[in-house]
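Engineer: Take a look at this one; I'll ask things after.
Residue numbers (my numbering), protein chains in the order written: chain D, 328 to 648; chain A, 104 to 432; chain E, 663 to 991.
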């Protein structure tokens, strides 16, 4: 018994069932219909799919291009010019489709493609963790209230008062021998879950008092069943929107941490690492600076566009808490 | 009201204590050895062990933590004998590498960070609010759509990218401004501005984009509220309807967001300060990380937490002041 | 009929352009309101009654309004915004349904009333505030001077609605449009508010348009009734006549569906079968025909042809049913 997530089509005060030719009645179908009409969402989704494909197919793509991400190619750089790539545009050639990195001559295309893997892996994993932790804790706090809520809320307050970036940097520089990717995912998750938990808690609080939940309780339905069948389905819209909008932040955070030297460590390729390396050369080899920045920009842009469109489609009344 | 304030301050203190404890515990695990740092490079292993004992580094974690917290208020004396150093209230530890109390180091750098943060805040508020309100009032027009697409784009730009591009365009190619260095306001206001414009813009752009979108959404929502229609029904001129009845509630979420952002700005400015080599607290943090100067790292973490927690309190107070309905709590 | 009616509406139509098509919210409505008399507009949600009143006040944004609405003989539809703005609040005022959302949460009641007064009459703040206190007293709010400094959320529901009425009265308008003013209140408070309105009308010679879906309210306060369905007028008659001898099948259905105290025990509740029409794709001809028992029996093509307009069926009594000669049989 889920309430429709959306109100009837704007201006159509009459019942939706009456109109045979108008928009479909189910809330999800309605949302999808609305989403498909927003060009921005389609563009965003296309970009995301593109990058996900690239990340997944990284080994295949590098097999085709013939150059691995760690392969050093000293012939492609000019030692007399301080290691600058030979040729224009950062050394673009049939051998190296997007040019090479200065000094070591590593193939930019290969590194971008594998860097996509890392960036998306970290962001998606962290997003998944955040969602699970945040939803569980948020629902628990909102539904059960009382002391449970007090404890969890306190916990959230403390976590949110941490200067997260600073702490993340410090933590990452402390731990030397742990797998960087796992550590990054862990650290990012630990500091980001309170935000979604807070939103979920708020929604759960208001849902808890809805009539159909009271009705279910009056029938003697157990808590677990209520949570699964009444409350959780109504939260999926919020969760989806939140996750989509959180991913750009996570990607950016990973890139920033790597840029500062505490994230992914070389030789693992990462966009943040490439940008960090490229700063020295940005005047003389701008392509090396532009390419990973552009990739980062596009992915962040795509998720933001999609997230915005999803929010408009799933939550047109715009409860932005 | 007093009760509310007292309770919030108490909660603040508890939160800070917890954060302090957690930070302390984390840094306890740092591989660097403060005793070695204190003693210097040419110390023998025995000597280092002696220093360790004097500094109380072999005591249990709890005891060390207790000493640290007490030291914040009462000051601390580290080591004994002729090499002892005295760190007065407020004592957040002593940086052996710089031979200065952490507090002094931080306070020296704070004005720079403050200049950066506040200047950027002014810039992003003006830009963000201006664009947001304009977009909201001209909702659906091509201006609105262009601006909103623009803000999404700008918000997606990584900070270092913006910094580099700006540096390249304005300094290298345009030659309009000198390469930024920090010049104190008291020395030369003109130069102070000229040198901070690029860092301000870099820091402000992303926030401006976010604020523009948030303001736009907020204004649109508020203008759809029934009380705005009542204001029109009263026969008020549209200017007053929008300005007085519409904008005030619309700006409330912006105000609260601003409070939180300012609180967290110490961390946010970190990258900008590093990029432009501005001698602020953020740069101090980055440098201390490289040198593994543990007391400084710890002190800055605490300072940043303090800002965040206090700004949350200020935001709540401001909110209660703006919205009469919030005063019930 | 003494001279010119206060408000004369003729062939008023309102439609909205939406992404799904054009919504015809109001189609060709006529009515008049006399000074000192109350016109009740009754209909279900979606019948167009609120849209009509908002169109008269010129409070629609982005809707196309055609037809004529003359207040004291002055044309409102299509008049420049500046002109209408001066009339709003001053000559014609509106009382909205939910006072909690219709009053601005950030300003005191006194401020909100004083603001309206100063807009139309100028003068000092003191005078405006005195006026606010006066008018709050007129609507029966105890201790008006103290309550004028309180915020809407500090009032009870009934008090708030009275305050809303006070706001409407503050500039001494000639016409008050009350849009479901008692729907959000419980029955006893409802009675008090209605009594208040009647008394004010008697004292000041106000013309009142009472918009409601509640026939009980109509019976209590309306002199003249307009029944709306699916955006069009269905029937118009003096209140007594409407209740005693309704001519339109919809009105009959409405009255039949009222539960009666003198009905037999265990008698089933009667309702009008079907659902209200879509305003996006309205049925051809008479909006009510898909649910009309008379059409179901007669199947007359005139019901599905042109949209029927109100026709005189008795003295002062108009009905839009083209099959009327049939129903009176």
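Built from N, CA and C at the ideal position, the CB exists for glycine as well. It should be emphasised that the depicted structure is a prediction, and the values quoted were computed from it without experimental measurement.
Exposed or buried, what is residue 282 (chain A) when buried is set at 16 or more other beta-carbons lying within 10 Å of its beta-carbon?
Structural biologist: Looking up residue 282 (chain A) in the second chain gives position 179. Answer is exposed; the Cβ neighbour count stays below 16.
Engineer: Are the C-beta atoms of residue 426 (chain A) and some chain E residue less than 8 Å apart?
Structural biologist: Numbered from 1 along the second chain, position 323 holds the residue referred to as residue 426 (chain A). Yes, residue 426 (chain A) lies at the interface with chain E (some Cβ there is under 8 Å from its Cβ).
Engineer: Check the C-beta distance from residue 317 (chain A) over to residue 253 (chain A) and give it rounded, since I have them as a contact under 8 Å.
Structural biologist: The sequence position of residue 317 (chain A) within the second chain is 214, counting from 1. The sequence position of residue 253 (chain A) within the second chain is 150, counting from 1. Actually they are not in contact, since the Cβ atoms of residue 317 (chain A) and residue 253 (chain A) sit about 15 Å apart, beyond 8 Å.
Engineer: Residues in the same chain with beta-carbon distance under 8 Å from residue 362 (chain A), minus the five sequence neighbours each way, listed in chain order, please.
Structural biologist: In the second chain, counting from the first residue as 1, residue 362 (chain A) sits at position 259. 414, 415, 417, 418 and 421, listed in sequence order.
Engineer: My output table needs one value for residue 340 (chain D): the three-state DSSP class, helix, strand or coil.
Structural biologist: In the first chain, residue 340 (chain D) corresponds to position 13, counting from 1. Confidence at residue 340 (chain D) is low in this model, with a pLDDT of 36, below 50, so the placement of that residue is unreliable and no value is reported for it.
Engineer: Considering only DSSP beta bridges, list what residue 405 (chain D) is partnered with.
Structural biologist: Walking along the first chain from the start, residue 405 (chain D) turns up at place 78. Answer is D:411.
Engineer: Taking Cβ positions, are residue 349 (chain A) and residue 331 (chain A) nearer each other than 8 Å?
Structural biologist: Indexing the second chain from 1 puts residue 349 (chain A) at position 246. Indexing the second chain from 1 puts residue 331 (chain A) at position 228. Going by C-beta atoms, residue 349 (chain A) is nearer than 8 Å to residue 331 (chain A).
Engineer: To be precise: take each residue of the segment 305-339 of chain A, compare its Cβ to all Cβ atoms of chain E, and keep it if any distance is under 9 Å. Which residues remain?
Structural biologist: 328, 329, 330, 331, 332, 333, 334, 335, 336, 337, 338 and 339
Engineer: Run the CB neighbour count on residue 805 (chain E), radius 10 Å, all protein chains shown included, and call it buried at 16 or more, exposed below.
Structural biologist: Indexing the third chain from 1 puts residue 805 (chain E) at position 143. It is exposed - the Cβ of residue 805 (chain E) has fewer than 16 other Cβ atoms within 10 Å.
Engineer: Residue 434 (chain D) bridges to which residues according to DSSP?
Structural biologist: To locate residue 434 (chain D), count along the first chain from 1; it is residue 107. For residue 434 (chain D), which the question treats as bridged, DSSP gives the partners D:427.
Engineer: Beta-carbon of residue 460 (chain D) versus every beta-carbon of chain A: anything under 8 Å?
Structural biologist: For the purposes of this step, residue 460 (chain D) is identified with residue 133 of the first chain, where counting begins at 1. Residue 460 (chain D) does not count as touching chain A.
Engineer: Express the C-alpha separation of residue 696 (chain E) and residue 350 (chain D) in angstroms, rounding to a whole number.
Structural biologist: Counting from one through the first chain, the residue named residue 350 (chain D) turns up at place 23. Counting from one through the third chain, the residue named residue 696 (chain E) turns up at place 34. At residue 350 (chain D), the pLDDT of 47 sits below 50, so the modelled position is not reliable and the matter cannot be decided from this model.
Engineer: Mind listing the chain A neighbours of residue 767 (chain E)? Cutoff is C-beta to C-beta under 8 Å, in chain order.
Structural biologist: Start at 1 with the first residue of the third chain, and residue 767 (chain E) comes out as number 105. In chain order, 330, 352, 426, 427 and 428 make up the part of chain A whose C-beta sits under 8 Å from the C-beta of residue 767 (chain E).
Engineer: Counting only C-beta atoms, is residue 490 (chain D) closer than 8 Å to chain A at any point?
Structural biologist: Position 163 of the first chain holds residue 490 (chain D). Answer yes: the Cβ-Cβ gap between residue 490 (chain D) and chain A drops below 8 Å somewhere.
Engineer: Output, in chain order, the set of chain A residues within a Cβ distance shorter than 8 Å of residue 564 (chain D).
Structural biologist: Here residue 564 (chain D) is taken as the residue at index 237 of the first chain, counted from 1. Going along chain A, no residue has its Cβ under 8 Å from residue 564 (chain D), so there is no contact; the nearest lies around 17 Å.
Engineer: Who does residue 985 (chain E) pair with in a DSSP beta bridge?
Structural biologist: Start at 1 with the first residue of the third chain, and residue 985 (chain E) comes out as number 323. DSSP lists no partner for residue 985 (chain E).
Engineer: So which residues on chain A does residue 586 (chain D) lean against when the C-beta distance must stay under 7 Å?
Structural biologist: As a position in the first chain, residue 586 (chain D) is number 259, starting the count at 1. Neighbours of residue 586 (chain D) on chain A, chain order: 263.
Engineer: Considering only DSSP beta bridges, list what residue 671 (chain E) is partnered with.
Structural biologist: Taking the first residue of the third chain as 1, we reach residue 671 (chain E) at position 9. Residue 671 (chain E) pairs with E:693 and E:731.
Engineer: I need the straight-line Cα distance from residue 545 (chain D) to residue 357 (chain A), nearest angstrom please.
Structural biologist: As a working note, residue 545 (chain D) is residue 218 in the first chain. As a working note, residue 357 (chain A) is residue 254 in the second chain. So the alpha carbons of these two residues sit roughly 41 Å apart.
Engineer: Can you have a look at residue 823 (chain E) and say buried or exposed, based on whether 16 or more other CB atoms are within 10 angstroms of its CB?
Structural biologist: Residue mapping note: residue 823 (chain E) aligns to position 161 of the third chain, counting from 1. Counting Cβ neighbours within 10 Å, residue 823 (chain E) comes out buried, since at least 16 surround it.
Engineer: For residue 894 (chain E), report the span of its alpha helix (DSSP H) as first-last.
Structural biologist: By 1-based counting over the third chain, the position of residue 894 (chain E) is 232. Run containing residue 894 (chain E): none in the alpha helix (DSSP H); it sits in the beta strand (DSSP E), 894-900.
Engineer: What does the alpha-carbon distance come out to for the pair residue 685 (chain E) and residue 541 (chain D)?
Structural biologist: Here residue 685 (chain E) is taken as the residue at index 23 of the third chain, counted from 1. Here residue 541 (chain D) is taken as the residue at index 214 of the first chain, counted from 1. Answer to the nearest angstrom: the Cα atoms are 37 Å apart.
Engineer: Are the CB atoms of residue 725 (chain E) and residue 671 (chain E) within a distance shorter than 8 Å?
Structural biologist: Position 9 of the third chain, counted from the first residue, corresponds to residue 671 (chain E). Position 63 of the third chain, counted from the first residue, corresponds to residue 725 (chain E). Result no, Cβ atoms of residue 671 (chain E) and residue 725 (chain E) do not sit closer than 8 Å.
Engineer: Any heavy atom of the ligand GTP closer than 7 Å to the Cβ of residue 804 (chain E)?
Structural biologist: For the structure depicted, the ligand GTP is absent and the ligand set is empty, with no information on it obtainable.
Engineer: Which complete beta strand (DSSP E) runs does the segment 846-908 of chain E hold, if anything under 3 residues is left out?
Structural biologist: 869-874, 886-891 and 894-900
Engineer: Cβ of residue 1018 (chain E) less than 8 Å from any chain A Cβ?
Structural biologist: There is no way to answer for residue 1018 (chain E), as the model of chain E reaches only from 663 to 991.
Engineer: Scan the segment 911-922 of chain E for residues whose Cβ lies nearer than 9 Å to a Cβ of chain A and list them as they occur along the chain.
Structural biologist: none
Engineer: Please return the same chain residues whose Cβ sits closer than 8 Å to the Cβ of residue 348 (chain D), not counting the five positions on each side in sequence.
Structural biologist: The residue given as residue 348 (chain D) occupies position 21 in the first chain. Its pLDDT being 42, under 50, residue 348 (chain D) is placed unreliably in this model, and the value from its coordinates should be taken loosely. None.
Engineer: Specify the secondary structure class of residue 290 (chain A) as computed by DSSP and reduced to three states.
Structural biologist: The sequence position of residue 290 (chain A) within the second chain is 187, counting from 1. Coil at residue 290 (chain A), not helix or strand.
Engineer: Beta carbon of residue 525 (chain D), beta carbon of residue 483 (chain D): below 8 Å?
Structural biologist: As a working note, residue 525 (chain D) is residue 198 in the first chain. As a working note, residue 483 (chain D) is residue 156 in the first chain. Yes, the Cβ-Cβ distance between residue 525 (chain D) and residue 483 (chain D) is below 8 Å.
Engineer: Can you tell me the Cα-Cα spacing of residue 733 (chain E) and residue 752 (chain E), whole angstroms?
Structural biologist: The count along the third chain starts at 1 and reaches residue 733 (chain E) at position 71. The count along the third chain starts at 1 and reaches residue 752 (chain E) at position 90. One C-alpha to the other measures close to 12 Å.
Engineer: Using DSSP with H/G/I as helix, E/B as strand and the rest coil, what is residue 1056 (chain E)?
Structural biologist: Since the first residue shown for chain E is 663 and the last is 991, residue 1056 (chain E) is missing from the structure and cannot be characterised.
Engineer: Just by C-beta distance, which residues in the segment 699-723 of chain E are closer than 7 Å to chain A?
Structural biologist: 719 and 721
Engineer: Let's test the definition: count the other Cβ atoms within 10 Å of the Cβ of residue 536 (chain D) and tell me whether it reaches 16, buried, or not, exposed.
Structural biologist: On the first chain, position 209 is the one that residue 536 (chain D) refers to. Classification for residue 536 (chain D): exposed.
Engineer: Using 8 Å as the limit for Cβ to Cβ distance, is residue 388 (chain A) near chain D?
Structural biologist: The residue you call residue 388 (chain A) lines up with position 285 of the second chain. Cβ-Cβ to chain D under 8 Å: yes for residue 388 (chain A).
Engineer: When DSSP labels each residue in this structure, what does residue 700 (chain E) get in the three-state scheme?
Structural biologist: For the purposes of this step, residue 700 (chain E) is taken as the residue at position 38 of the third chain. Three-state DSSP puts residue 700 (chain E) in a strand.
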